[in-house]
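There are 2 protein chains.
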Amino acid sequence: MSANSETEAKIIQAARDVFLHKGKAGARLQDIADVAGINKALLHYYFRSKDRLYEKVFKQIVNDFLGEFLDSFSTDEDFRKTLKSFIDKYLTALSKRPEIVRFVMWEIKEGGVFFAEQAHGMFASRGFETIPLISVIQKAVAEGRIRPVDPVQLTISIIGMCLYPFIAQPLLEKIIPGLEVQNDDFLSQRSNEIFDLIWQGVGVA
Amino acid sequence: MSANSETEAKIIQAARDVFLHKGKAGARLQDIADVAGINKALLHYYFRSKDRLYEKVFKQIVNDFLGEFLDSFSTDEDFRKTLKSFIDKYLTALSKRPEIVRFVMWEIKEGGVFFAEQAHGMFASRGFETIPLISVIQKAVAEGRIRPVDPVQLTISIIGMCLYPFIAQPLLEKIIPGLEVQNDDFLSQRSNEIFDLIWQGVGVA
DNA sequence: GTCTATACATCGATAGAC
DNA sequence: GTCTATCGATGTATAGAC
Chain A
1239 MSANSETEAK IIQAARDVFL HKGKAGARLQ DIADVAGINK ALLHYYFRSK
1289 DRLYEKVFKQ IVNDFLGEFL DSFSTDEDFR KTLKSFIDKY LTALSKRPEI
1339 VRFVMWEIKE GGVFFAEQAH GMFASRGFET IPLISVIQKA VAEGRIRPVD
1389 PVQLTISIIG MCLYPFIAQP LLEKIIPGLE VQNDDFLSQR SNEIFDLIWQ
1439 GVGVA
Chain B
1239 MSANSETEAK IIQAARDVFL HKGKAGARLQ DIADVAGINK ALLHYYFRSK
1289 DRLYEKVFKQ IVNDFLGEFL DSFSTDEDFR KTLKSFIDKY LTALSKRPEI
1339 VRFVMWEIKE GGVFFAEQAH GMFASRGFET IPLISVIQKA VAEGRIRPVD
1389 PVQLTISIIG MCLYPFIAQP LLEKIIPGLE VQNDDFLSQR SNEIFDLIWQ
1439 GVGVA
């Protein structure tokens, strides 16, 4: 391959770093050029505009993250195990790459079309019509393994409980002294609390 | 009073509208001036800079929202009722002003110092050292009214479950066909599902 | 393909007349 | 107090030499 694709790869990699930490609006083409070790003009030579470069990079980042996560847990086990596994794997994936939460947040602010398209495509390519967790819960309800809850509502609850600490991380760590969202102890404790809450609630026996 | 303070009030009101919908970075002083019916120069005359104007407006918005919410529910009732009341009032407040969620999100991205300060002050002025819900849960655990959960973890779970639909609104409505976060039916259903989940979980009797 | 230089637009902030 | 005009900085995008 020519020097051509090497440079393109360098640019993509640099763009990932910068966009991930600064967001689309906050990122400067100059920064990306500096990190890539080239100059601004080359960015426009390879990718016509900032928008196009961003779109390409965004889809790649979401694809990598969501793909790795979706393939990390199976849905054909016992529901109880699937649920615990989902929570664990999701929290782990988030704590490994917390910048992605902010990154997707920026996108949602703009309407979230890229993410929605990408996610839908990745679900479809794995045989799901919507968020896989919804289907899993639907099945568990149909088989009478859990009480008849609304699968969409429960899915929103689970995702919200896992995601919120990362979304509000700087805030929570300021308001609740001693709290460290990315701390291993906190995360394993969080995993257990979410699972227990879903499974048995707080009601006394 | 002189025309002086009238203009100032008009500016503040215009700034609230614009900052609320565009965020700090996205807002243009020109937009604010247009909405207020004056010109950019006057903005600098009354408030030295965009930063100062933003800080003033931000604190006002958070103060109004959080103040109204904090005063809308009492903590000295039965825990069960307090919990249900918290969820209801929180969801209602959020659905009435969903732009505030995005607005605070922008602030968190910048570190969230303003919000943390403001919230802490408002908790303190009402006799709480931290998030009131934490204290309420602490008491319920101490009195044996619920099983011994970690109050901080449960609080994060509750807030996450209430807040997440509004944070991810555009995304959820794209990925889950037919879902309308601000729809009354969805919200009352959501309130019940959150409460039931917390109270008894999904485990079969 | 890769560079330098620069055009073009936007925005916050200031100067100065009234 | 309020306006018009403009500065200065920054950022995307392009022209043109090599």
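In order, the protein sequences belong to chains A and B.
With the first letter of the first sequence counted as 1, position 186 gets the number 1424 in the numbering used here; the numbers rise by one all the way through.
With the first letter of the second sequence counted as 1, position 97 gets the number 1335 in the numbering used here; the numbers rise by one all the way through.
Note that the Cβ used here is the ideal one computed from N, Cα and C, for glycine as well.
Computed from a predicted model, the values in this text were never measured in an experiment.
Can we say the region 1303-1312 of chain A touches the region 1394-1414 of chain A, given the rule of at least three CB pairs closer than 8 Å?
-> no
Helix, strand or coil: how does DSSP classify Ala1406 (chain A) here?
-> What you label residue 1406 (chain A) is simply residue 168 of the first sequence in a count that begins at 1. The answer is coil: DSSP assigns Ala1406 (chain A) none of H, G, I, E or B.
Distance, Asn1430 (chain B) Cα to Ser1373 (chain A) Cα = Here residue 1373 (chain A) corresponds to residue number 135 of the first sequence, with the count starting at 1. Here residue 1430 (chain B) corresponds to residue number 192 of the second sequence, with the count starting at 1. Each residue's Cα considered, the two are about 21 Å apart.
Check each residue of the region 1346-1363 of chain B: if its Cβ is closer than 8 Å to any Cβ of chain A, include it; give the result in chain order.
-> Ile1346, Lys1347, Gly1349, Gly1350, Val1351, Phe1353, Ala1354, Ala1357, His1358
What did DSSP end up calling Ser1363 (chain A) once you bin it into helix, strand or coil?
-> Here residue 1363 (chain A) corresponds to residue number 125 of the first sequence, with the count starting at 1. Here Ser1363 (chain A) sits in coil by DSSP.
Find the residues of chain B that neighbour Lys1319 (chain A), judging by a C-beta separation of less than 7 Å, and give them in chain order.
-> In the first sequence, the residue the question calls residue 1319 (chain A) occupies position 81. Correct list: empty, because the minimum Cβ distance to chain B is about 15 Å.
Alpha-carbon to alpha-carbon, Ala1378 (chain B) and Met1239 (chain B) | Within the second sequence, residue 1239 (chain B) is the residue found at index 1, counting from 1. Within the second sequence, residue 1378 (chain B) is the residue found at index 140, counting from 1. Residue placement at Met1239 (chain B) is poorly supported in this model, since its pLDDT is 43, which falls under 50; the coordinates still yield a value, given next. Roughly 52 Å between the two C-alpha positions.
In chain order, what residues of the same chain have a beta carbon less than 7 Å from the beta carbon of Lys1262 (chain A), not counting five sequence neighbours either side?
-> Taking the first sequence and counting its residues from 1, the one referred to as residue 1262 (chain A) is at position 24. Within the same chain, Lys1262 (chain A) has close Cβ partners Tyr1292, Trp1344.
What separation, rounded to the nearest whole angstrom, lies between the Cα atoms of Gly1230 (chain A) and Gly1441 (chain A)?
-> No answer is possible for residue 1230 (chain A): the residues shown for chain A start at 1239 and end at 1443.
What does a CB cutoff of less than 7 Å around Ser1305 (chain B) pick up in its chain, not counting 5 residues either side in sequence?
-> On the second sequence, position 67 is the one that residue 1305 (chain B) refers to. The sequence given here places Gly at residue 1305 (chain B); Ser does not occur at that position. These residues qualify, in order along the chain: Met1360.
Could you tell me whether any Cβ in chain B is nearer than 9 Å to the Cβ of Lys1262 (chain A)?
-> For the purposes of this step, residue 1262 (chain A) is taken as residue 24 along the first sequence, with counting starting at 1. No, its Cβ sits nowhere closer than 9 Å to a Cβ of chain B.
Hey, how far is the Cα of Tyr1284 (chain B) from the Cα of Gln1251 (chain B)?
-> In the second sequence, counting from the first residue as 1, residue 1284 (chain B) sits at position 46. In the second sequence, counting from the first residue as 1, residue 1251 (chain B) sits at position 13. Computed Cα separation, rounded: 14 Å.
Indicate, with yes or no, if the ligand ATP has a heavy atom lying under 8 Å from the CB of Glu1348 (chain B).
-> The model depicted lacks the ligand ATP and carries no ligand whatsoever.
Under a CB-based cut-off of 9 Å, is Arg1428 (chain B) close to chain A?
-> Stepping through the second sequence from its first residue, residue 1428 (chain B) is reached at position 190. Chain A contact via Cβ: present.
When DSSP labels each residue in this structure, what does Leu1417 (chain A) get in the three-state scheme?
-> Locating residue 1417 (chain A) in the first sequence gives position 179, counting from the first residue. Correct three-state label for Leu1417 (chain A): coil.
If the cut is a Cβ gap below 8 Å, which residues of chain A does Glu1431 (chain B) touch?
-> In the second sequence, the residue the question calls residue 1431 (chain B) occupies position 193. Per Cβ cutoff of 8 Å: Val1387, Asp1388, Gln1391, Leu1392, Ser1395.
Taking 9 Å as the CB-CB limit, is Gln1438 (chain A) close to chain B?
-> Residue numbering aside, residue 1438 (chain A) sits at position 200 when the first sequence is read from its first letter. Cβ-Cβ to chain B under 9 Å: yes for Gln1438 (chain A).
Nearest neighbour of Pro1336 (chain A), chosen from A:Ile1249, A:Val1419, A:Glu1246, A:Asp1434 [CA to CA] | Counting from 1 along the first sequence, the entry for residue 1336 (chain A) is found at position 98. Residue A:Val1419 is the option with its Cα nearest to Pro1336 (chain A).
Quick one: what does DSSP say Ile1384 (chain A) is sitting in, helix, strand or coil?
-> As a working note, residue 1384 (chain A) is residue 146 in the first sequence. Coil at Ile1384 (chain A), not helix or strand.
Can you grab the Cα-Cα spacing for the pair Leu1371 (chain B) / Ala1354 (chain A), in whole Å?
-> The residue given as residue 1371 (chain B) occupies position 133 in the second sequence. The residue given as residue 1354 (chain A) occupies position 116 in the first sequence. Going by the C-alpha atoms only, they are around 34 Å apart.
For a contact meaning CB atoms closer than 9 Å, what does Tyr1402 (chain A) contact in chain B?
-> Taking the first residue of the first sequence as 1, we reach residue 1402 (chain A) at position 164. Ordered by position in chain B, the residues that pass the 9 Å Cβ test against Tyr1402 (chain A) are Ile1394, Ser1395, Ile1397, Gly1398, Met1399, Leu1401, Tyr1402, Ile1405.
Is it the case that the Cβ atoms of Ile1413 (chain A) and Ala1357 (chain B) are separated by a distance below 9 Å?
-> For this step, residue 1413 (chain A) is matched to residue 175 along the first sequence. For this step, residue 1357 (chain B) is matched to residue 119 along the second sequence. A contact, by the Cβ cut-off of 9 Å.
DSSP-derived helix/strand/coil call for Ile1489 (chain A) | Residue numbering for chain A in the displayed model covers 1239 to 1443; residue 1489 (chain A) lies beyond these limits and cannot be assessed.
From Arg1385 (chain A) to Leu1392 (chain A), what distance separates their C-alpha atoms?
-> Translated into the one-based positions of the first sequence, residue 1385 (chain A) becomes position 147. Translated into the one-based positions of the first sequence, residue 1392 (chain A) becomes position 154. If you take the alpha carbons of Arg1385 (chain A) and Leu1392 (chain A), they lie about 11 Å apart.
Would you kindly check if the distance between the Cβ of Lys1260 (chain B) and the Cβ of Gln1268 (chain B) is under 9 Å?
-> Along the second sequence, one-based indexing puts residue 1268 (chain B) at 30. Along the second sequence, one-based indexing puts residue 1260 (chain B) at 22. Going by C-beta atoms, Gln1268 (chain B) is not nearer than 9 Å to Lys1260 (chain B).
Give the residues of chain B in contact with Gly1441 (chain A), contact being defined as C-beta atoms less than 8 Å apart.
-> Within the first sequence, the letter at position 203 stands for residue 1441 (chain A). Within chain B, the residues near Gly1441 (chain A) are Ile1384, Arg1385, Trp1437, Gln1438, Gly1439.
Step through the CB atoms of chain A and report whether any lies within less than 9 Å of the CB of Pro1408 (chain B).
-> Position 170 of the second sequence, counting from 1, holds the residue named residue 1408 (chain B). For Pro1408 (chain B), the answer is yes, since a Cβ of chain A falls inside 9 Å of its Cβ.
Compute the Euclidean distance between the alpha carbons of Val1351 (chain A) and Val1390 (chain A), then round it to the nearest angstrom.
-> Walking along the first sequence from the start, residue 1351 (chain A) turns up at place 113. Walking along the first sequence from the start, residue 1390 (chain A) turns up at place 152. If you take the alpha carbons of Val1351 (chain A) and Val1390 (chain A), they lie about 20 Å apart.
Does DSSP classify Ser1240 (chain B) as helix, strand or coil?
-> Against the second sequence, residue 1240 (chain B) aligns to sequence position 2. The pLDDT assigned to Ser1240 (chain B) is 46, lower than 50, so where the model puts this residue is not dependable; a value taken from the coordinates is nonetheless given after this. Coil at Ser1240 (chain B), not helix or strand.
Answer with buried or exposed for Lys1322 (chain A), where buried requires no fewer than 16 other C-beta atoms within 10 angstroms of its C-beta.
-> Counting from one through the first sequence, the residue named residue 1322 (chain A) turns up at place 84. It is buried - the Cβ of Lys1322 (chain A) has at least 16 other Cβ atoms within 10 Å.
Extent of the continuous alpha helix (DSSP H) to which Phe1424 (chain A) belongs = In the first sequence, counting from the first residue as 1, residue 1424 (chain A) sits at position 186. Segment 1422-1438, the alpha helix (DSSP H) holding Phe1424 (chain A).
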